[in-house]
Structure formats: structure tokens, C-alpha cells
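Worksheet: the structure to be examined is printed underneath.
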Amino acid sequence: MLFKLKKSPENQGPSPSVPCRPWARELVDATEWSDAVREMASGGADLFSLWSDGAQVHLALAAPGDELRILSLPCADGRFPSVAKLHPPALRLAR
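Each residue of the sequence shown is one higher than the one before, starting from 11 at the first, in our numbering.
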């Protein structure tokens, strides 16, 4: 099963979805992003796409039998935690 987003006093569940059709995007922090990458690296989810719009990096992935999820990580300094470091197939998408 794909990782679960942590709950905190400010976040009583998954981050609010950002409008994106046909799937909602989930805004995540660097820790949640890395948790998702580790899940993919262990074979618990499949990578569908990895892209950036300049302000955020986006990751489309799905666990077997689950719907596609799109995770979005803000990149204020133009950097994001590597996906390819733990999941080498992502290298072709990160170029």
C-alpha cells in the first residue's frame, strides 16, 4: 500500500487537494516526498511521471490496485529530493 501522509495538529489528514483534472494533486513536504520515493523503490508503487512547472515538482504514481496520485512539492530554491537516487528508472524523466 502506498505511504500514508502523516497527521499533525495543523494537518488532520492528507494535504488539501489542488484542482487538477482528472486527478487531484496533493501538496507534500520533503519528508512525505521522500516517503513516496522509498515506497516506489521498494516496489510498492509504480512511477508514471515526474515533471516540474518551475515552482513545484510533481510525481505521478500508483500502488497496485490504487488510483493514480499526483504529489506536488514546492521548490523555493529550485531543488528537490532526488527520485532517481533510490529509484533509478526516474533518471530518464529527471533530465
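Backbone N, C-alpha and C define an ideal beta-carbon position, used for all residues, glycine too.
Under the DSSP definition of a beta bridge, which residues are partnered with Asp56? DSSP output for Asp56 lists Ala72 as bridge partner(s).
Separation of Pro74 from Met50, as counted between CA atoms: Looking at the backbone, the Cα of Met50 and that of Pro74 are separated by about 11 Å.
Backbone CA spacing between Glu42 and Pro91 [nearest angstrom]: Their backbone Cα atoms lie some 11 Å apart in a straight line.
Segment limits, alpha helix (DSSP H) that includes Glu49: For Glu49, the enclosing alpha helix (DSSP H) stretches over residues Ala40 to Ala51.
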